[in-house]
Amino acid sequence: MKNTIPSRLPINDFVSEIAKGNTVILAQAITLAESKLDEDRELSEQLIERLLPTTGQSVRIGITGVPGVGKSTFIEAFGKHLTSLKKKIAILSIDPSSAKTKGSILGDKTRMEDLSRDPYAFIRPSPAGITLGGVADSTREAILLCEAAGYEIIIIETVGVGQSETTVRNMVDFFLLLMLPGAGDELQGIKKGIMEMADTVVITKADGENINLANQACADFRYALHLFSESESHWKPSVITSSALEKIGIKETWGLIQQYVEFTQNNLFFERQRERQNLIWFKENIQQLLIQQLSKSRTITSKIKILEKQVILKTVLPSRAAREIVSDFLSS
Ligand code: GDP
Numbered sequence: 002m003k004n005t006i007p008s009r010l011p012i013n014d015f016v017s018e019i020a021k022g023n024t025v026i027l028a029q030a031i032t033l034a035e036s037k038l039d040e041d042r043e044l045s046e047q048l049i050e051r052l053l054p055t056t057g058q059s060v061r062i063g064i065t066g067v068p069g070v071g072k073s074t075f076i077e078a079f080g081k082h083l084t085s086l087k088k089k090i091a092i093l094s095i096d097p098s099s100a101k102t103k104g105s106i107l108g109d110k111t112r113m114e115d116l117s118r119d120p121y122a123f124i125r126p127s128p129a130g131i132t133l134g135g136v137a138d139s140t141r142e143a144i145l146l147c148e149a150a151g152y153e154i155i156i157i158e159t160v161g162v163g164q165s166e167t168t169v170r171n172m173v174d175f176f177l178l179l180m181l182p183g184a185g186d187e188l189q190g191i192k193k194g195i196m197e198m199a200d201t202v203v204i205t206k207a208d209g210e211n212i213n214l215a216n217q218a219c220a221d222f223r224y225a226l227h228l229f230s231e232s233e234s235h236w237k238p239s240v241i242t243s244s245a246l247e248k249i250g251i252k253e254t255w256g257l258i259q260q261y262v263e264f265t266q267n268n269l270f271f272e273r274q275r276e277r278q279n280l281i282w283f284k285e286n287i288q289q290l291l292i293q294q295l296s297k298s299r300t301i302t303s304k305i306k307i308l309e310k311q312v313i314l315k316t317v318l319p320s321r322a323a324r325e326i327v328s329d330f331l332s333s
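According to the working numbering, the sequence shown is numbered sequentially starting from 2.
Right, here's the structure in full:
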């Protein structure tokens, strides 16, 4: 881990190079934010705090969908559209599967080839081998670093499996769900909860023989979304079809996002959501730090082991066991 930072620049140099948009230094600062070493953590936090006044101005977009739905092809087409408008975009990914399999679904180097050569785009794959909590923290920090480096649109990509959607939802302004045409939602493994989080649903691959299926899926999703109760933002999610290969539905997606930003800035939801997300970040860290502290105490970890057995044997209620651990920890 120690060698991942080639050189630790003085903090002032980090600040000035990031402000100039130096992508090499930006990448190093993100590596620093991902580091588990205490000294790196300290430097990274100081750096981001210094940069905080120049953050926050971007539109943060989360994009999710099952593997194969067309995320990277869509993001490439969408990203190229944005860079053609001279927008600086950053693409970060959250891929918790990499922690388990040591191989990332999203980290494949051949993805988004055009975009990776585009000077207006910065692409950063998910760090391998860290927990969802860890990746969530470092991605939040990476968002701030990219904003300080002048990126106007930040895309956070995640795979539509498991918990990571909620994590991403809690760090973006706008959440985009990609769905395949012609497969029922149960087939796509998308839970109702994820659909409820979406600000827009894009039916992908709406080209060739798929067009009718895509239109049908569009109508089905519009109906399904219309049954949900109104979201807190009062924004009514749209469903559109897109073909990343034929560049259909790409401009429209950006148009919807712009409308959403304007709408939620006017009704003040935009700012409220960001404030809430910062509080979630704060509280999640309190929990993580407390758990880390607990696991540092030998007496507590051995007591946890004993209580785990009792929980399995059903001789103690899990909630009571947890309370016992916390009260022991507090009095230790
Ligand atoms: P990801 O796993 O969600 O990132 O999906 P990919 O972007 O890698 O796409 C999976 C497959 O779908 C690839 O073979 C793509 O060529 C294909 N694909 C992606 N977008 C489109 C599209 O707009 N139309 C068609 N026909 N195929 C597409």
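A virtual CB, placed ideally from N, CA and C, is assigned to each residue, including glycine.
Please classify residue i as buried or exposed, where buried requires at least 16 neighbouring CB atoms within 10 angstroms.
i, result
"residue 170", "buried"
"residue 103", "Note that residue 103 has pLDDT 49, beneath the 50 cutoff, so the model's placement of it is unreliable and the number below is only indicative. Flag for residue 103 reads exposed."
"residue 87", "exposed"
"residue 316", "exposed"
"residue 303", "exposed"
"residue 155", "buried"
"residue 68", "exposed"
"residue 177", "buried"
"residue 319", "exposed"
"residue 327", "exposed"
"residue 99", "A caution first: residue 99 carries a pLDDT of 49, below 50, which makes its placement in the model unreliable, though a value can still be read off. Buried: at least 16 other Cβ atoms inside 10 Å."
"residue 174", "buried"
"residue 283", "exposed"
"residue 116", "buried"
"residue 314", "exposed"
"residue 45", "buried"
"residue 248", "exposed"
"residue 143", "buried"
"residue 101", "Because the pLDDT at residue 101 is just 49, under 50, the model does not fix this residue reliably, and the value given afterwards should be weighed accordingly. The residue is exposed, with fewer than 16 neighbouring Cβ atoms inside 10 Å."
"residue 229", "exposed"
"residue 112", "buried"
Quick one: does the C-beta of residue i sit closer than 7 Å to a heavy atom of the ligand GDP?
i, result
"residue 117", "no"
"residue 20", "no"
"residue 56", "no"
"residue 63", "no"
"residue 215", "no"
"residue 80", "no"
"residue 203", "no"
"residue 74", "yes"
"residue 183", "no"
"residue 68", "yes"
"residue 199", "no"
"residue 151", "no"
"residue 30", "no"
"residue 245", "yes"
"residue 208", "yes"
"residue 71", "yes"
Nearest to residue i by CA position, among the options, is which residue?
i, options, result
"residue 30", "84, 139, 71 and 66", "139"
"residue 22", "121, 80, 271 and 330", "121"
"residue 192", "216, 226 and 175", "226"
"residue 49", "132, 113 and 141", "141"
"residue 1", "12, 325 and 229", "Because residue 1 is not part of the residues shown, which for the chain are 2 to 333, the question remains open."
"residue 79", "209, 296, 205 and 28", "205"
"residue 92", "70, 147 and 132", "147"
"residue 26", "37, 39, 289 and 9", "9"
"residue 262", "235, 248, 281 and 325", "235"
"residue 37", "128, 222, 258 and 306", "128"
"residue 212", "223, 260, 240 and 182", "182"
"residue 83", "210, 252 and 14", "252"
"residue 291", "325, 330, 279 and 309", "330"
"residue 244", "40, 54, 14 and 77", "77"
"residue 219", "274, 210, 201 and 229", "201"
"residue 197", "307, 223, 294 and 306", "223"
So, residue i versus residue j, is the Cβ gap smaller than 8 Å?
i, j, result
"residue 157", "residue 172", "yes"
"residue 238", "residue 199", "yes"
"residue 64", "residue 72", "yes"
"residue 216", "residue 254", "no"
"residue 203", "residue 256", "no"
"residue 333", "residue 296", "no"
"residue 24", "residue 123", "yes"
"residue 153", "residue 232", "no"
"residue 95", "residue 159", "yes"
"residue 165", "residue 145", "no"
"residue 308", "residue 285", "no"
"residue 149", "residue 28", "no"
Return the bridge partner residues of residue i from the DSSP annotation.
i, result
"residue 122", "90"
"residue 317", "Per DSSP, none; premise fails for residue 317."
"residue 179", "203"
"residue 64", "158 and 177"
"residue 242", "204"
"residue 95", "159"
"residue 249", "244"
Could one say the Cβ of residue i lies closer than 8 Å to chain D's Cβ atoms, at least one of them?
i, result
"residue 182", "No chain D appears in the structure shown, which is made up of a single protein chain."
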